[in-house]
Amino acid sequence: MELLKQRILQDGKCYPGGILKVDSFINHQMDPNLMMELAREMVRIFGRRPINKIVTIEASGIAPAILTGYLMQLPVVFIKKKQPKTMDRMLSAVVHSFTKDRDYTVCISADFLTPADRVLFIDDFLANGNAAKGVIDLCAQAGAKIEAMAFLIEKAFQHGGDYLRSAGVDYTALATVTSLDDCKIELE
Ligand code: G4P
Ligand code: NA
Ligand code: NA
Numbered sequence: 216m217e218l219l220k221q222r223i224l225q226d227g228k229c230y231p232g233g234i235l236k237v238d239s240f241i242n243h244q245m246d247p248n249l250m251m252e253l254a255r256e257m258v259r260i261f262g263r264r265p266i267n268k269i270v271t272i273e274a275s276g277i278a279p280a281i282l283t284g285y286l287m288q289l290p291v292v293f294i295k296k297k298q299p300k301t302m303d304r305m306l307s308a309v310v311h312s313f314t315k316d317r318d319y320t321v322c323i324s325a326d327f328l329t330p331a332d333r334v335l336f337i338d339d340f341l342a343n344g345n346a347a348k349g350v351i352d353l354c355a356q357a358g359a360k361i362e363a364m365a366f367l368i369e370k371a372f373q374h375g376g377d378y379l380r381s382a383g384v385d386y387t388a389l390a391t392v393t394s395l396d397d398c399k400i401e402l403e
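Residues in the sequence shown are numbered consecutively from 216, following the numbering used here.
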């Protein structure tokens with residue numbers, strides 16, 4: 216998507232280790248006009264698909280998910296990274312964070328992810344796909360179907376995309392970073 220690509224080239228910052236900082240418009244400060252355009256693009260891509268629920272994971276996925284859910288008039292549920300003391304019928308999965316080199320547990324209530332659900336999962340980044348693996352695990356436990364996954368930004372030099380293709384998951388990214396070598400941002 217051209218608008219997002221331009222913004223990444225204009226305001227994105229490259230950090231050693233293949234990290235793209237988008238703190239001034241997605242991950243810390245957020246640009247609501249850009250976010251809304253990204254949500255409209257999600258509707259263009261997924262609006263006619265048999266989706267009845269948007270699922271995301273806290274924190275950075277929530278903004279694009281809620282705007283897309285508003286436009287599609289669908290409920291939005293976010294997977295939590297902290298296990299609340301009181302959650303009815305909790306489903307959980309372990310996710311390995313490559314960036315932080317540690318495991319963490321994510322959870323969702325089976326009250327809000329059910330066998331009746333056909334899910335569009337939305338997140339900010341697809342990197343190694345570990346968060347996505349956790350989502351696939353939770354949906355399998357709930358008996359929910361993943362209709363598709365959508366990311367704002369895919370880092371194609373990491374392996375999340377390969378994993379999703381091999382798992383037969385239909386996914387889209389609004390912008391694809393092909394390289395951050397020598398701290399130069401290259402987009403597809
Ligand atoms: P993975 O889910 O694709 O395997 O990602 P990984 O474990 O490598 O990354 C963990 C966290 O880092 C995720 O956010 C992911 O969105 C984010 N991330 C990965 N690569 C980049 C990058 O190049 N730039 C930025 N800005 N973020 C990246 P998170 O820690 O789970 O949390 P949150 O930001 O959604 O709260
Ligand atoms: Na994220
Ligand atoms: Na993030």
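For each residue, glycine too, the CB sits at the ideal point set by N, CA and C.
All of these numbers come straight from a predicted model, not from anything done at the bench.
- CA-CA distance, residue 248 to residue 279, rounds to 11 Å.
- Excluding sequence positions up to five before and after residue 239, its CB lies within less than 6 Å of the CB of 226, all in the same chain and listed in chain order.
- In the three-state DSSP reduction, residue 397 falls in the helix class (H, G or I).
- Sequence-distant partners of residue 303 (beyond 5 residues in either direction) whose C-beta falls short of 7 Å from its own C-beta, in its chain, are 324, 326.
- Between the alpha carbons of residue 321 and residue 340 lies a gap of roughly 17 Å.
- For residue 333, the enclosing beta strand (DSSP E) starts and ends at 333 to 341.
- When rounded, the separation of the alpha-carbon atoms in residue 365 and residue 258 is 11 Å.
- Comparing alpha-carbon positions, the option among 356, 252, 348 lying closest to residue 319 turns out to be 348.
- The segment 330 to 346 and the segment 366 to 379 touch, with no fewer than 3 CB-CB distances between them shorter than 8 Å.
- A distance criterion of 7 Å places the beta-carbon of residue 361 beyond contact range of ligand 1, judged by its closest non-hydrogen atom.
- In this structure, the CA atom of residue 256 is about 24 Å from the CA atom of residue 374.
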